[in-house]
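Numbering (the working numbering), first residue to last: 1386 to 1693.
From the three backbone atoms N, C-alpha and C, an ideal C-beta is built for every residue, glycine too.
One structure is given below, encoded as structure tokens.
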Amino acid sequence: MNAIRLRDFIEDREGCLYAVSNYDNAERIGCILRYVPDTDGERTNLAGRRYHKYDFAESFDWVRAYRPEYLDGVHRVPYCDVARVYKPEEGIAGVAARNERVARLLSHLSLPAGSFGCTGSLLCGLENEASDIDLVVYGETWFLAQRRLRDLVGRGVIPAMSTAMWQKVYDKRVPEISFDAFVLHEQRKWNRGEFEGTYFDLLYTRAYENLDAVPAGKGRVLGRATIEATVTDASLSFDSPAVYAVDHDDISRVLSFTHTYSGQALAGEVIEAKGVVEEHGDERWLIVGTTREARGEYIVSKTLLETV
């Protein structure tokens, strides 16, 4: 079996479902609990088993109470406790077969087989009518999907995101920047959209041959900082974490662990970023998204903001 990677799901021996949130899964799998079997649960899978969906805070409360040995920043599940692995690229045929909206969206994007999939509730067979479409696209094919989405919206095949949908996304993210600045940055990313009234994401995930692109692990915390720097490489800016190599006297990389600031700046642009400084070997990195809400932390493209 291929390595377990970001945006896969795993199922433990009791049927709990976890979203894989890390690439560094050599010893234990870094993930977040999402669904727990519950006879009164609001979701039902394809086999008729009922589940309750846990939000971020609830999931940590549950793991703290019932699987405290998994707590380690995220939830670290040992391989011996894994009963099943759900891979988006392997499950996409089944998702498209039972969900006509997903099938129609995929037909418009027309991506190479094996280069994409669907994660989240759709991958686990636990979707409902309100479920978003979480499309995953791997490696360089993600940029093809980005270009095709931009073209499809330009030709009117897929509508542009409505103001109401942008407001919904903004309210969910609650970023440290204004609504106007948020939308200005988001509109050029082409990593999300609205199709037949349903919100969808284009989520970047590294190809199998590139899983070690960024050294894993937490560095020694040195304090907080706000910096201004020029982006020199944004090729992994849509990843999780988003990575920006920068030209700065002290900081060599800016990383964002919140999806809000993925794809936030292009190579050659000047950014302002506020977060926590970590020491990684001979380098210092600025980390944005050190908490779930990323309070007081942000990345903005000053170059972009100066165009309005």
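Query: Between the Cα of Glu1474 and those of Glu1581, Gly1499 and Val1568, spot the shortest distance and give me the residue it belongs to.; Result: Gly1499
Query: Between which two residues does the beta strand (DSSP E) carrying Phe1501 extend?; Result: Phe1501 to Thr1504
Query: Within 10 angstroms of the Cβ of Gly1653, are there 16 or more other Cβ atoms? Answer buried if so, exposed if not.; Result: exposed
Query: Can you tell me which of the three DSSP states Ser1686 falls into?; Result: strand
Query: Could you please give the first and the last residue of the uninterrupted alpha helix (DSSP H) stretch that includes Ser1516?; Result: First-last for Ser1516: undefined, no H or E at that position.
Query: Identify which residue in Tyr1420, Asp1409 and Trp1551 has its Cα closest to the Cα of Ala1698.; Result: The requested residue 1698 does not occur in the structure, where the chain is confined to residues 1386 to 1693.
Query: Go ahead and label His1570 buried or exposed: buried means 16 or more other beta carbons lie within 10 angstroms of its beta carbon, across all protein chains shown.; Result: buried
Query: Taking C-alpha atoms, which residue in Ala1601, Glu1613 and Glu1514 lies nearest to Arg1390?; Result: Ala1601
Query: Cα-Cα, which of Asp1393, Ser1686 and His1644 is closest to Glu1657?; Result: Ser1686
Query: Any contact of the stretch 1487-1504 with the stretch 1445-1462, i.e. 3+ C-beta pairs under 8 angstroms?; Result: no
Query: Check whether the Cβ of Asp1409 lies closer than 7 angstroms to any heavy atom of the ligand MN, and answer yes or no.; Result: Among the components of this structure there are no ligands whatsoever, and the ligand MN is therefore not found.
Query: Within the continuous beta strand (DSSP E) that includes Thr1611, where are the two ends?; Result: Arg1605 to Leu1621
Query: Contact between the stretch 1468-1484 and the stretch 1546-1566: three or more CB pairs below 8 angstroms?; Result: no
Query: How big is the Cα-Cα spacing for Val1673 and Asp1397?; Result: 31 angstroms
Query: What's the gap between the Cα of Tyr1403 and the Cα of Ser1506?; Result: 11 angstroms
Query: Under the rule that 16 or more other beta-carbon atoms within 10 Å means buried, what is Phe1567, buried or exposed?; Result: buried
Query: In three-state DSSP terms, what is Val1467?; Result: strand
Query: Per the contact definition of three or more C-beta pairs closer than 8 angstroms, is the stretch 1628-1636 in contact with the stretch 1414-1429?; Result: no
Query: Is the distance from the Cβ of Val1588 to the Cβ of Leu1520 below 8 angstroms?; Result: Here residue 1588 is Leu; the residue named in the question, Val, does not match the sequence. Yes, they are a contact pair.
Query: May I have the straight-line CA-CA distance separating Val1462 from Tyr1455, to the nearest angstrom?; Result: 6 angstroms
Query: Measuring CB atoms only, is the stretch 1524-1536 touching the stretch 1573-1585, in the sense that at least three cross pairs come out at less than 8 angstroms?; Result: yes
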